[in-house]
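Written below as structure tokens is the structure these notes are about.
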Amino acid sequence: MHSMFGKMLIIDLTKSDIIEKDLDPEIFKNYLGGKGLGSYLLLKMLPPGVDPLSPENMLIFTTGPATDTALAPASRYGVFSKSPATGLYSESYSGGHLPPLMKRTGYDAIVITGAAKEPCFISISEVGVNFYDATEIWGMETYEADEAVVKAAGINGAKALVIGPAGERQLSFACIKNDRWRSAGRTGLGAVMGSKNLKGIVFSGSAKAPIADEEGLKNWTRDFFKKNKDSASAQLYKNKGTPALVAIANNTGFFPTRYWSEGRLEGWEKISAEYMQENMEVKSRGCYRCFFACGKLTTALEGRHKGLQVEGPEFETIYAFGGLCCLPEMEEILYLNDLCDRWGIDTISAGNIAAFAIEAGLKGKLKNAPNYGDAQSIADFLESVVEVKGEGEIFKNGIREAAKTLGMEDFAIHVKGLEPAGYDPRVLKGMGLAYATSDRGACHLRTTFYKPELSGMIDPAQIVEKARMFVDYEDRLNIYDALVFCRFYRDVIHWEELIRIIYLLTGVRYGVADLRAMAGRIQTMTRLFNLREGATMADDKLPKRLVSEAINDGKDLVTEDEMAAMLDDYYLLRGWDENGVPPQNSLI
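Next comes the structure, spelled out in structure tokens:
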């Protein structure tokens, strides 16, 4: 298939072996690249029942047919594994300027297996793989580690992905970092790297996969830019970024606050996009070739963190520390964001864990718990978690395991072991279905279904027929992930645009029905993986508090019956049985 190399690289860290293999063209025809390719390889290559932190687990890095082209949404890579946070299917994505270099190595997939005896990092290009001793780099925080591995590799123009101390210590919410502030954040894949004694990977190269219609793609890209550079989506992301959601969330009442007990934060105005623009220095930054430029390079101008600069904070970080931890101070959220980036931990999980620890302290379960509204106590607590010291050790493996240890399982908020993002499903009921059915746990990004619920496309409280629109979003975004595209372009690239893009890239003319079928196969692959690893229908549910405790003066609640109705519809639309099990031979 055009726009793909037809090759994968397998690196066994235990043996320092390197194997290059050709990939069957039928794989690309049926699944494209990105999530389709990564999920296919994970299901086929990883034996059932593998411990996520054992040498046998795999990290599979993929790009897609759109990567390293002129397409604006295409600067992303995917990484796939078995998650130490959930014990199930794991996928995570990151952007920035690294993805084109991953593609230029000349491989569609890079599979890392085994575990090195000593800390190491590797470099990959189209001319070979090199192994380096990382003993002196082990222990570094992510910012300095990124610079150190690139410098040690000595390759002009190279870029790296790295882990921080949290990944080295195998925290279940450790992330993979690149371009200093970009993260493959969720499901603990930094811990998988750490379990392999792999501090980082340096990418470089000049390989180019031939595009089916390069001139046609160039013309399409030019026209797309002219049409959308001043669109509402482009202006929103460029001017305010994801923090624009803070005002929307609080005005609508879905901003999770005080560890999921309220829907609005008093004083939210001080953690809004408007506050950032008026009181901090904010510069827009985009990924490679992206004109939405949603990233915000933010510098604190006053207070104890004066001069601190971070790309962020994103809405999810603001919700996790501002809302859940009742901290309406943007400069302090910027500080906590910076610590998480340095340590290499997911801010969504970190904020959930900190707020849960606050509640544990109030209930007499912890002696040294942080406090609501106290940024330094939260920072000190998270440091103890990252260092696996004292009571912090209880939280090394995330909310689910901490809740078991503390006897607070009914109080903890997670699905399949992954903590949710900042969209309370008691208000946005379609997000309840999203959290319950997501292949990687409570995830907002697999469907971004808050978008149609907030934009008037469907009533947030509606239950009947909601699953139909939900599946349409999930299918389309599965194709995004197979390309690999940024989902922030979802309002300007629909099915017809996807058909044209894929034809120009690959030369294969799919119809809408073909792409929907492909998306369904990808979703079914992840379902089969999870069922194989022990998941059941019982795992497709919201935590007890979210279906029993109303918020916003008792007005908003999603009930178990409502969840069951949406779930039944979802299984039916997916072609699975009443227990969520796909039929035999449901994959090509």
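To get my numbering, take the position in the sequence shown, counting from 1, and add 46.
Don't be surprised by glycine CBs; every beta carbon is placed ideally from N, CA and C.
- For S171, the secondary structure class from DSSP, reduced to helix, strand or coil, is strand.
- Unbroken alpha helix (DSSP H) stretches of 4 residues or longer found wholly inside the segment 447–491: 475–483, given in chain order.
- Distances from the alpha-carbon of L244 to those of S250, L235 and S252 put L235 closest.
- Pairing P94 with S395, the inter-Cα distance amounts to about 27 Å.
- Remark: C-beta atoms of L479 and I525 do not approach each other more closely than 8 Å.
- For L78, there is no enclosing beta strand (DSSP E), as DSSP marks it with neither H nor E.
- DSSP places D68 inside the beta strand (DSSP E), whose first and last residues are D63 to D68.
- In its chain, beyond the 5 residues on either side, M322, K342 and T344 have a beta carbon closer than 6 Å to the beta carbon of V328.
- The DSSP-derived three-state label of N631 is coil.
- If you draw a straight line from the Cα of Y549 to the Cα of I399, it is about 45 Å long.
- Within the segment 542–595, complete alpha helix (DSSP H) segments of at least 4 residues are found at 558–578, given in chain order.
- With 16 or more neighbouring CB atoms inside 10 Å of its own CB, H460 falls in the buried class.
- If you compare the alpha carbons of V196, N224 and I170 with that of R122, the shortest gap goes to N224.
- Boundaries for T298: no beta strand (DSSP E) harbours it, while the alpha helix (DSSP H) harbouring it runs L291 to T298, taken from the DSSP string.
- Beyond the five residues adjoining it in sequence on each side, I201 comes within less than 8 Å, by CB distance, of S169, S171, V248 and S250 in the same chain, given in chain order.
- Pairing E595 with A458, the inter-Cα distance amounts to about 13 Å.
- In the DSSP annotation of this structure, T344 is not part of any alpha helix (DSSP H); the continuous beta strand (DSSP E) holding it starts and ends at G341 to T345.
- Under DSSP, C166 shares a beta bridge with D179 and L244.
- In the same chain as W389, and ignoring 5 residues on each side of it, the C-beta atoms closer than 7 Å to its own belong to E187, G210, P211, A212 and V432, in chain order.
- By a beta-carbon distance limit of 8 Å, V157 does not contact I73. Their separation comes to about 14 Å.
- DSSP lists no beta-bridge partner residue for R122.
- The straight-line gap separating the alpha-carbon atoms of A161 and L99 is approximately 10 Å.
- In this structure, the beta-carbon distance from S127 to V208 does not fall below 8 Å.
- DSSP, read as helix, strand or coil, puts R620 in helix.
- Between F402 and A448, the CB-CB gap stays under 8 Å.
- In the structure shown, N414 adopts coil according to DSSP, grouped into three states.
- Closest in alpha carbon position to G142, among S136, A339, C333 and L380, is C333.
- When the alpha-carbon of H48 is set against those of K75, K61 and A482, the nearest one is in K75.
- Less than 8 Å divides the Cβ of Y556 from the Cβ of I545.
- By the neighbour-count criterion, in which a residue is buried when 16 or more other Cβ atoms sit within 10 angstroms of its Cβ, R268 is exposed.
- Checking the DSSP bridge columns, you'll see R331 partnered with G341.
- With a cutoff of 8 Å on beta-carbon distance, K242 and L59 are scored as near each other.
- G52 and R514 have their alpha carbons spaced roughly 35 Å apart.
- Scanning K411, D276, T298 and S136 for the CA closest to the CA of R486 turns up S136.
- A contact between stretches requires three or more CB pairs, one per stretch, nearer than 8 Å, and the segment 175–192 fails this requirement with the segment 81–89.
- With contacts defined by Cβ atoms closer than 8 Å, A253 and R150 form a contacting pair.
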